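Take a look at the structure below.
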Amino acid sequence: MGKKRAEEDKGKLARYVNTPENMALFRRLYQVPDDVGLRYVHWSDALPPSAGELLIPVVAVVEGGVRFPIDPLLADFLSYFSLSPTQVNPNIFRIVMGTVELNRRLGLELSTYDIVWTYILHRNSKTESYSLRPRDINYTLVNGLPDTNRGFDDDYLVVTGEWFLPGRRCPTKDGVPDSRRRKPRKNLVKINSLRQVWECEHCTDDWSQPRAAAKLLRYTARTHSYLDCRLVPDLEATKANPENDALPAVDIRDVIDGTAPDMTGINLRNLLPTRRDEGTSVGAPSSFAASLKKKGADRGHCWSEPSHCGPSAQFVSPRASQHGPTGYTAGGEGAVTEEDSILPVDDGRSGSVASALSQAVRLPLDMGEWKKTPDEELINNMRRGALMGVQASLELEERFRTTKEHLAHANVLALRYQDARNAAAEAKRLAEEADSKRKEAEESLTAALDSLTKAQDRIRALESEFDQAKKASYEAGNNDAQAEMGEQLPGVCNEFFSDGWKKAVSFLSSGQTTLPPLPPSVPFPGARPPPPPEVVLATPLDVPVTPITELSTDIVNLEDEESPAEGAVPEDAVLEEDAVPEDAAQAPSAGEGGGAAPGEAGPDAQ
Numbered sequence: 001m002g003k004k005r006a007e008e009d010k011g012k013l014a015r016y017v018n019t020p021e022n023m024a025l026f027r028r029l030y031q032v033p034d035d036v037g038l039r040y041v042h043w044s045d046a047l048p049p050s051a052g053e054l055l056i057p058v059v060a061v062v063e064g065g066v067r068f069p070i071d072p073l074l075a076d077f078l079s080y081f082s083l084s085p086t087q088v089n090p091n092i093f094r095i096v097m098g099t100v101e102l103n104r105r106l107g108l109e110l111s112t113y114d115i116v117w118t119y120i121l122h123r124n125s126k127t128e129s130y131s132l133r134p135r136d137i138n139y140t141l142v143n144g145l146p147d148t149n150r151g152f153d154d155d156y157l158v159v160t161g162e163w164f165l166p167g168r169r170c171p172t173k174d175g176v177p178d179s180r181r182r183k184p185r186k187n188l189v190k191i192n193s194l195r196q197v198w199e200c201e202h203c204t205d206d207w208s209q210p211r212a213a214a215k216l217l218r219y220t221a222r223t224h225s226y227l228d229c230r231l232v233p234d235l236e237a238t239k240a241n242p243e244n245d246a247l248p249a250v251d252i253r254d255v256i257d258g259t260a261p262d263m264t265g266i267n268l269r270n271l272l273p274t275r276r277d278e279g280t281s282v283g284a285p286s287s288f289a290a291s292l293k294k295k296g297a298d299r300g301h302c303w304s305e306p307s308h309c310g311p312s313a314q315f316v317s318p319r320a321s322q323h324g325p326t327g328y329t330a331g332g333e334g335a336v337t338e339e340d341s342i343l344p345v346d347d348g349r350s351g352s353v354a355s356a357l358s359q360a361v362r363l364p365l366d367m368g369e370w371k372k373t374p375d376e377e378l379i380n381n382m383r384r385g386a387l388m389g390v391q392a393s394l395e396l397e398e399r400f401r402t403t404k405e406h407l408a409h410a411n412v413l414a415l416r417y418q419d420a421r422n423a424a425a426e427a428k429r430l431a432e433e434a435d436s437k438r439k440e441a442e443e444s445l446t447a448a449l450d451s452l453t454k455a456q457d458r459i460r461a462l463e464s465e466f467d468q469a470k471k472a473s474y475e476a477g478n479n480d481a482q483a484e485m486g487e488q489l490p491g492v493c494n495e496f497f498s499d500g501w502k503k504a505v506s507f508l509s510s511g512q513t514t515l516p517p518l519p520p521s522v523p524f525p526g527a528r529p530p531p532p533p534e535v536v537l538a539t540p541l542d543v544p545v546t547p548i549t550e551l552s553t554d555i556v557n558l559e560d561e562e563s564p565a566e567g568a569v570p571e572d573a574v575l576e577e578d579a580v581p582e583d584a585a586q587a588p589s590a591g592e593g594g595g596a597a598p599g600e601a602g603p604d605a606q
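Residues in the sequence shown are numbered from 1 upward in steps of one, following UniProt numbering.
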């Protein structure tokens with residue numbers, strides 16, 4: 001905690017909130033709800049706010065337009081950059097709350113993204129505070145911003161209670177903005193609303209500044225030195241438009257200091273005396289002498305008019321000697337002036353000056369008492385005074401040594417504190433960097449997990465599509481194969497029967513009487529031939545089998561049994577491929593067991 005400064009060293013707004021009467025007036029003027037508590041604190045006594053408290057500059061309310069509970073746009077802006085109200089320049093309050101007023105006047109919904117599109121967040125390395133700089137001075141939201149806020153950053157308010165809306169609480173601890181959020185996001189900017197604000201001339205002040213902060217936020221400007229901006233071309237025409245009028249100012253300084261003179265532009269240096277006049281009070285103005293007397297009372301000096309001081313207190317210069325009584329003379333060597341001294345000791349003039357100055361202690365009442373004192377008592381008093389001086393010097397020496405040790409220890413502690421503070425700041429910076437990297441890693445991990453989930457969903461969808469396509473393809477191929485088999489199988493069986501019949505006819509035509517054994521035939525290429533009859537007969541059956549009649553082993557002469565009516569087929573006759581003999585109609589079909597060759601028919605087949 002810093003040391004409390006003197007009353008005259010406090011900020012410019014301290015006296016408007018540091019008494020119960022002024023605080024009550026402050027709450028009434030700025031419409032502070034009863035469930036919001038306010039307490040004034042100087043910057044040197046300000047501590048980090050506790051849980052549920054907010055530390056905010058007084059200027060944010062008086063000139064920044066902040067009201068409680070705080071506006072959602074201000075809370076969003078501070079949360080977007082992770083900044084507390086103590087980290088920002090007062091002009092940020094003017095810009096953000098001025099944007100809130102423009103939204104109300106024009107029926108717009110400008111957000112933090114629109115402010116970032118118009119301004120650049122800048123960090124002042126000297127004051128460690130943040131401010132907004134326009135990207136183009138011709139395109140700004142709020143103008144009439146003072147170019148200095150000196151003296152307005154000393155007074156703060158500790159706010160407690162319901163100072164924020166539900167879900168719109170701004171940071172109360174100092175933070176570091178994310179560098180990525182300083183860049184504007186074009187897809188979130190309302191460019192048409194911004195153009196409407198840039199072109200409007202509401203609340204133009206006497207310096208041709210449109211959208212002036214003092215007019216928008218209803219306070220009385222105390223300075224006329226502003227940041228550059230675009231001015232309106234015709235001030236009279238702008239002020240003649242009633243849409244551009246501003247509401248009356250509500251400023252506690254006007255209420256309390258309503259009769260106080262305007263001190264703007266007064267140079268206090270002109271009120272102070274020159275360095276030559278500071279050595280004497282002779283001829284000084286009475287008002288200045290009174291101020292010197294008031295300041296010098298605490299220092300043990302007697303600042304007064306010449307007519308009020310005795311001769312023993314006069315040390316006059318040659319210029320002032322004509323206004324007052326004559327000073328003391330140094331042994332007939334002339335009057336003692338400001339240029340005389342009692343050092344060095346080997347100078348004769350210095351001894352005379354010391355002797356002349358010692359005459360100032362010859363007070364009449366004291367000298368009368370000393371004349372009544374015996375010599376022995378005078379000697380004892382001299383010894384007592386000398387020893388008291390020695391004792392006082394010893395005490396002063398002891399105090400000096402103690403103070404020196406304390407100062408040395410304090411210096412060591414200050415150095416350690418500075419080192420610890422630097423180390424803490426470095427650790428905080430590293431922790432913030434690590435936290436930022438952790439957040440980036442978490443965001444990257446979340447994005448990767450999302451991508452993986454989407455990829456897995458896509459793979460499952462593709463697998464499902466593949467399975468459906470595979471099943472559909474299999475079913476289509478199976479159906480095509482069955483259809484093709486159904487179309488080809490009758491033709492293959494008919495071809496097998498025709499080939500067998502042609503071979504039988506060719507054997508008969510060649511004059512052979514017996515048919516040679518035929519190789520096993522199959523109904524279609526690639527079919528498995530049936531087993532031999534002996535294998536089938538040798539295989540025991542589990543069901544009763546009707547005994548097969550024993551085949552005759554007699555050789556039948558086909559030529560003798562040929563009917564004359566049927567006619568013989570000449571040897572050179574060639575049967576057409578499609579021609580079927582009449583006997584073929586009597587042969588058993590394939591479905592009736594006609595798969596055997598003609599020569600393999602039973603004895604009953606004729």
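Every residue, glycine too, gets a C-beta built ideally from N, C-alpha and C. Bear in mind that the values here come from a model prediction, so they are computed numbers and not experimental data.
| Asked | Found |
| --- | --- |
| State the CB to CB distance for the pair S129 and N91, rounded to an integer number of angstroms; the pair is presumed to be in contact (CB under 8 Å). | About 10 Å separates the two Cβ atoms, so there is no contact after all. |
| Helix, strand or coil for E236? Go by DSSP, reduced to three states. | helix |
| If you measure between the beta carbons of N149 and V58, is that distance less than 9 Å? | no |
| Suppose the cutoff is 7 Å on Cβ atoms and the five residues either side in sequence are ignored; what does the same chain contact list for S312 look like? | A caution first: S312 carries a pLDDT of 37, below 50, which makes its placement in the model too unreliable to give a value. |
| Have a look at the DSSP bridge pairing and note the partners of D155. | H42 |
| Roughly how many angstroms lie between the CA atoms of E243 and N138, to the nearest whole one? | 22 Å |
| Looking only at its chain, what residues have a beta carbon closer than 7 Å to the beta carbon of P72, apart from the 5 residues adjacent to it on each side? | L165 and R168 |
| With distance defined between alpha-carbon atoms, name the residue in R253, A483, A504 and P364 nearest to R15. | R253 |
| Determine whether the beta carbon atoms of K183 and V116 lie at a separation below 9 Å. | yes |
| Is DSSP giving L13 helix, strand or coil here? | coil |
| Does the pairing of the stretch 195-206 with the stretch 66-82 give three or more beta-carbon distances under 8 Å? | no |
| Apply the 10 Å Cβ neighbour rule to Y474 and answer buried if 16 or more other Cβ atoms are within range, or exposed otherwise. | exposed |
| Tell me the DSSP bridge mates of A212? | N143 |
| Go to H122, then tell me how far its beta strand (DSSP E) extends in each direction, as first and last residue. | Y119 to N124 |
| Give me the Cβ distance between Y156 and L55, rounded to the nearest whole Å; I'm assuming they're in contact under 8 Å. | 6 Å |
| For F93, is the classification buried or exposed, using 16 other Cβ atoms within 10 angstroms of its Cβ as the cut-off for buried? | buried |
| Can you tell me whether DSSP reads V522 as helix, strand or coil? | coil |
| Which residue's Cα is closest to the Cα of H224: P233, R218, D234 and A212? | A212 |
| For N18 and A386, what's the separation of their Cα atoms in angstroms? | 52 Å |
| What is the DSSP secondary structure of G486, reduced to helix, strand or coil? | helix |
| What number of angstroms, rounded off, separates the C-alpha of H42 from the C-alpha of Q31? | 23 Å |
| Tell me whether the beta-carbon of V36 lies closer than 9 Å to the beta-carbon of V158. | no |
| For the stretch 212-222 and the stretch 139-148, state whether three or more C-beta atom pairs, one from each stretch, are separated by less than 8 Å. | yes |
| Alpha carbon to alpha carbon, what distance is there between S131 and K439? | 26 Å |
| Which residue marks the beginning of the beta strand (DSSP E) containing I56, and which one marks its end? | L54 to P57 |
| May I have the straight-line CA-CA distance separating V189 from D114, to the nearest angstrom? | 5 Å |
| Decide if L110 is buried, meaning its Cβ has at least 16 other Cβ atoms within 10 Å, or exposed. | buried |
| Within 9 Å (strictly less), CB to CB, does Q488 reach chain B? | No chain B appears in the structure shown, which is made up of a single protein chain. |
| Going by DSSP in three states, T204 sits in which element: helix, strand or coil? | coil |
| How about E101 and G65: are their beta carbons less than 9 Å apart? | yes |
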